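One structure is given below, encoded as C-alpha cells.
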Amino acid sequence: MGTLQAIPLNHYIFLSVILFSIGVMGVLLRRNAIIIFMCIELMLNAVNLLMVAFSAHHGDGAGQVFVFFIMAVAAAEVAVGLSILIMMHRNTNTTDVGFLNKLKF
Amino acid sequence: MTQYVFYFLSFLAILSALMVVFSKNPIHSVLYLVLTFFAIAGHYLLLNAQFLAVVHIVVYAGAIMVLFLYVLMLLNLNVDAEPVKKNWVKFAGVLSGGLLMLTLVATFHKAETMPLIQDNPEIGVTANLGKILFGEFALPFEISSVLLLSAMIGAIMLSKKEVKK
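Sequence lines, in order, name chains P and U.
When we follow this note's numbering, the leftmost residue of the first sequence carries the number 6, and every step to the right adds one.
When we follow this note's numbering, the leftmost residue of the second sequence carries the number 530, and every step to the right adds one.
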C-alpha cells in the first residue's frame with residue numbers, strides 16, 4: 006500500500022535548493038564567523054531534508070540513518086568550530102573573518 | 530490539508546533562513562535559525578520520519594543552538610560590531626548565491642514531476658531505524674562515537690588557556 010502524498014518530490018528539491026543557496030549567500034555576505042557557522046548548519050539541514058524526502062520516497066530507511074550520522078558530524082563540527090572561534094576571539098578580540106588573513110597567499 | 534501545511538512550513542523555513550542571513554544582531558540570527566530548525570522538523574513529521582524529527586529538535590534546537598547562544602553571550606557579541614562590507618562585495622555575494630540557485634533550479638526543473646509516494650509509512654519509526662542502525666550500520670555507528678569523543682577532546686584542548694612558560 007502506498008500512501009500518496011499530495012506534494013510532488015520536486016517541491017522538496019526546490020525547497021532544499023533554496024535553503025542551500027541562502028546558506029551559500031550567507032557565507033559569502035557575512036563576516037561574523039558565528040553567522041558563517043550558522044549558514045553552514047543551514048546548508049547541512051537543506052541536504053538532510055532532501056535526504057529524508059528521498060528516503061521516504063524510496064521506502065528505504067538507510068537515508069534516514071545517514072541523516073542521523075550527519076547530525077552527529079554536525080554536532081562535532083560545531084563543538085570544535087566554536088572552540089576555535091573562542092581561541093580566535095581571545096587572540097584578536099574580534100570574530101571578524103577578515104582578520105584571519107595570515108594564511109593569505 | 531497536507532499541502533497547506535507543507536507550503537506554510539516551507540514559507541516559514543525560507544523566510545527565517547533569509548532573516549538569519551540579513552538580521553544585524555547575531556542573537557536574532559540564532560533565534561531565527563531555531564525557527565528554521567523547527568520548520569524543518571515539521572517537514573520531517575510530514576514525511577513520516579518521527580524519530581528524526583525528535584532527534585533534530587533535541588540535537589539542533591536543544592544542543593547546537595544553545596552552544597551558539599552560549600558562545601555569543603560569552604564573547605559579548607550581542608552588540609553588532611561587524612564592519613559593513615563594501616556594496617559591490619554584497620552585490621557579488623547575492624549575485625553568486627542567486628546564480629547557484631538559478632543553476633540548480635534550472636537543472637531540476639526538467640526533472641519528471643513525480644508525486645511523493647510513501648511505499649512504507651513505517652520506515653521512520655524508531656524500531657525500524659534502530660534495526661537498520663544497529664544491523665547494517667553498526668560499524669559507522671561505533672566510528673561516530675570515536676568521532677564525538679575526539680571532538681570533545683579537541684574542543685577542550687583548543688579552548689584551554691595556554692600555560693605561560
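Glycine included, C-beta positions come from ideal geometry on N, C-alpha and C.
The structure displayed is predicted, hence computed values, not measured ones.
So the candidates are U:Asn616, U:Gly622 and U:Phe597; which of them puts its Cα closest to the Cα of P:Ser88? Comparing Cα positions, the closest option is U:Phe597.
Relative to the C-alpha of U:Val588, which candidate in P:Val72, P:Tyr17, P:Asn15 and P:Ala38 has its C-alpha closest? The residue with the shortest Cα to Cα distance from U:Val588 is P:Val72.
Who are the neighbours of P:Ile41 on chain U, taking C-beta pairs under 8 Å? Going along chain U, no residue has its Cβ under 8 Å from P:Ile41, so there is no contact; the nearest lies around 10 Å.
Through-space distance from U:Val618 to P:Glu46, alpha-carbon basis: Going from the Cα of P:Glu46 to the Cα of U:Val618 covers about 23 Å.
When P:Ala80, P:Val102, P:His94 and P:Leu105 are compared against U:Leu678, the one with the closest alpha-carbon: Of the candidates P:Ala80, P:Val102, P:His94 and P:Leu105, P:Ala80 places its Cα closest to the Cα of U:Leu678.
Please state whether the Cβ-Cβ distance between U:Tyr561 and U:Ala546 is less than 9 Å. The Cβ-Cβ distance between U:Tyr561 and U:Ala546 falls below 9 Å.
Interface residues of chain P facing U:His572 [CB-CB closer than 7 Å]: Among the residues of chain P, those whose CB is under 7 Å from the CB of U:His572 are Leu54, following chain order.
Paired residues, beta bridge with P:Asp101 - DSSP: DSSP lists P:Asn37 as partners of P:Asp101.
Where are the alpha helix (DSSP H) runs, 4 residues long or more, that stay fully inside the stretch 583–635 of chain U, in chain order? Those alpha helix (DSSP H) runs which fall completely within the stretch 583–635 of chain U and span 4+ residues are 594–603.
Suppose you measure from the CA of P:Met43 to the CA of P:Ile75; what does that come to, to the nearest Å? If you take the alpha carbons of P:Met43 and P:Ile75, they lie about 15 Å apart.
Can the beta-carbon of P:Val85 be found closer than 9 Å to that of U:Leu687? Taking 9 Å as the cut-off, the Cβ atoms of P:Val85 and U:Leu687 count as close.
What are the partner residues of P:Pro13, as DSSP defines its beta bridges? Paired residue(s): U:Pro644.
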